[in-house]
Amino acid sequence: MNTKFWTAFSSIEQLDATFIRRLYNYFGDIETAFNSTLSDLQQIEGLSIRRAENFIEKKKSVNPDKTLEDVLSRGIKILTYEDKNYPYMLRQISDSPMCLYYKGDLSSCNLERTVAFVGSRKASFGGKESVRKIISDLANTDICIVSGLAAGIDAVSHQAAIENNLKTIGVIASGFDFTYPSGNKWLYEKIEDGCGAVVSEYYPTFEPIKFRFPQRNRIVTGLSYGTVVAEAALKSGALISANLTLEQGRELMCIPGSINNVNTEGIYKLLKDGATMVTKGEDILNALGWELIFQTPNHSKIPLNETEKLIFDIIGVEPKGFDEIQTATKMETDKLLICLTEMELSGLIEQSEGDRYKRS
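Numbering (numbering that gives the first Met the number 0), first residue to last: 0 to 359.
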């Protein structure tokens with residue numbers, strides 16, 4: 000069983016994904032790579048002798064069977080680089096994590112419709128509300144929201160996804176023995192309990208040390224087809240994520256904010272450099288070339304026709320009256336009533352306050 004050798008590699012803190020991948024590619028087998036000798040490693044062109052010697056020394060204290068047992072005993076699931084279910088988009092980046100640990104249900108997340116939201120930990124009220132509004136525009140669809148489970152924009156993004164019946168993936172910068180920040184424990188639990196998955200490349204005992212946060216960011220952006228940046232100072236982790244997005248060849252999008260907010264300086268720099276401006280969910284769909292696929296409460300998918308999509312967009316976040324919808328669509332009364340009834344039966348909208356309609 001090769002999984003134990005993947006966990007054995009990842010349990011050595013001094014090794015990074017690039018080193019492990021280099022050995023795996025050279026030997027073509029993770030067990031052979033782990034059991035290699037210093038003489039074997041010296042045959043790999045360009046490999047640092049110091050790093051090779053460090054690996055040989057550290058692995059003496061590693062028991063592959065025990066590393067796997069320790070992970071599984073914590074209720075953690077494992078996905079390795081050679082697994083056929085390893086996320087396609089993550090496999091495309093140059094420094095893919097070799098081992099992914101996760102809790103929750105990763106298979107319930109549509110990995111072909113992933114979009115990351117990143118931003119300041121000390122986000123303004125307006126910045127948070129902008130994220131909530133944009134994610135609510137994507138409600139009840141098969142789109143998956145990816146973020147870093149930190150405070151601020153990350154936490155709001157995950158919470159908004161859950162509130163709008165979207166799956167979400169939280170990528171953490173430590174092993175599962177730690178919850179950081181501790182105030183987000185409820186969010187970890189909510190995601191793990193049916194709302195998506197919490198993911199880490201780190202062995203369970205690895206602490207949330209400072210340098211691991213920018214390392215984590217490459218996975219957030221690497222899992223995603225595009226990244227939306229909401230509030231970022233000129234020197235910030237969010238700007239690091241923006242640069243990673245571009246390096247990975249993904250779509251970079253930004254939410255504009257107040258020009259008086261120091262956390263929007265990075266945003267306007269990115270916009271001036273060519274990032275796509277996002278003020279509503281539709282902007283994300285247009286940038287990524289996606290069409291909305293809505294899901295009913297039992298998660299069956301409902302493709303919308305053009306008329307239904309128009310009505311759904313008009314209703315938006317706040318309930319709209321029949322007259323407002325008719326004025327915007329210019330539809331005949333009978334035709335509009337039929338369409339609204341069909342959308343109600345499909346579970347897409349519901350009536351509230353008399354003749355007003357809101358998204359379900």
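Virtual Cβ for every residue (Gly too), placed ideally from N, Cα, C.
No experiment lies behind these values; they were computed from the predicted model shown.
Check	Outcome
Cβ of S146 within 7 Å of Cβ of F116?	yes
Using DSSP with H/G/I as helix, E/B as strand and the rest coil, what is F116?	strand
Are the beta-carbon atoms belonging to T278 and T244 less than 7 Å from one another?	no
Does the contact criterion of 3 or more C-beta pairs under 8 Å hold for the stretch 88 to 102 versus the stretch 116 to 125?	no
To the nearest angstrom, how far is it from the Cα of N262 to the Cα of S129?	14 Å
Buried or exposed: where does Y187 fall if 16 or more other Cβ atoms within 10 Å of its Cβ makes it buried?	buried
Could you name the residues of the same chain whose beta carbon sits closer than 8 Å to that of T79, not counting the 5 residues immediately before and after it, in chain order?	N1, T2, W5, I29, Y85, M97, C98 and L99
Please report how far the alpha carbon of L67 lies from the alpha carbon of L105, in whole angstroms.	20 Å
Kindly list the residues whose CB is nearer than 8 Å to the CB of I75, restricted to its own chain and excluding five residues on each side of it in sequence; keep chain order.	Y100, Y101, K102, F175 and P203
Could you give the distance in angstroms between the alpha-carbon of M88 and the alpha-carbon of S240?	16 Å
Do A122 and I152 have their C-beta atoms within less than 7 Å of each other?	yes
Among S47, I258, A159 and P180, which has the Cα closest to the Cα of G280?	A159
Let me know the alpha helix (DSSP H) ranges lying completely inside the stretch 41 to 121, each 4 residues or longer, listed in chain order.	48 to 57, 63 to 71 and 87 to 90
N139 and N109 - do their beta-carbons sit closer together than 7 Å?	no
Once you ignore the five residues that flank R249 on each side, which residues in its own chain have a CB closer than 7 Å to its CB?	T220, S223, Y224, G225 and T226
Which residue from I283, P180, N260 and K329 puts its Cα closest to that of C253?	I283
Which same chain residues, not among the five before or five after E206, have their C-beta less than 7 Å away from its C-beta?	S173 and F177
As a quick exercise: from K209, K57, S9 and L148, pick the residue whose alpha carbon is nearest that of V197.	L148
Which two residues bound the contiguous alpha helix (DSSP H) that contains I133?	F124 to S135
In the DSSP assignment, what residue or residues form a beta bridge with R355?	G320 and S351
Please identify the residue among E162, G182 and H157 whose C-alpha is closest to the C-alpha of V170.	H157
So, with DSSP's three-state summary, where would you put E290?	coil
Identify every run of the beta strand (DSSP E) within the stretch 186 to 220, keeping only runs that are complete inside it and at least 3 residues long; order them along the chain.	195 to 199
Count the other C-beta atoms from every protein chain shown that fall within 10 angstroms of the C-beta of R90, then say buried if there are 16 or more, exposed otherwise.	exposed
Taking K57 as the reference, give the member of P180, W289, F33 and D69 with the closest Cα.	F33
Can you find the residues in the same chain that come closer than 7 Å, C-beta to C-beta, to L14, ignoring five residues on each side of it along the sequence?	F8 and F54
Please report the straight-line C-alpha distance between L335 and Q325, rounded to a whole angstrom.	7 Å
Tell me whether N285 is buried or exposed, calling it buried when 16 or more other Cβ atoms sit within 10 Å of its Cβ.	exposed
For E264, which residues from the same chain have a beta carbon less than 7 Å from its beta carbon, with the 5 sequence-adjacent residues on both sides left out?	A232 and L233
What is the rounded straight-line gap between the Cα of V61 and the Cα of R358?	54 Å
The beta strand (DSSP E) that contains M252, what's its start and end?	E250 to I254
For R112 and Y179, what's the separation of their Cα atoms in angstroms?	27 Å
What residues match up with K361 in a beta bridge as DSSP calls it?	Because residue 361 is not part of the residues shown, which for the chain are 0 to 359, the question remains open.
If you draw a straight line from the alpha carbon of L291 to that of D192, how long is it in whole angstroms?	25 Å
Given T275, which residues of its chain have a CB within under 6 Å of its CB, disregarding the five upstream and five downstream residues?	M252 and A286
Could you check which residue in I11, Q42, E12 and A16 has the C-alpha nearest to that of F26?	Q42
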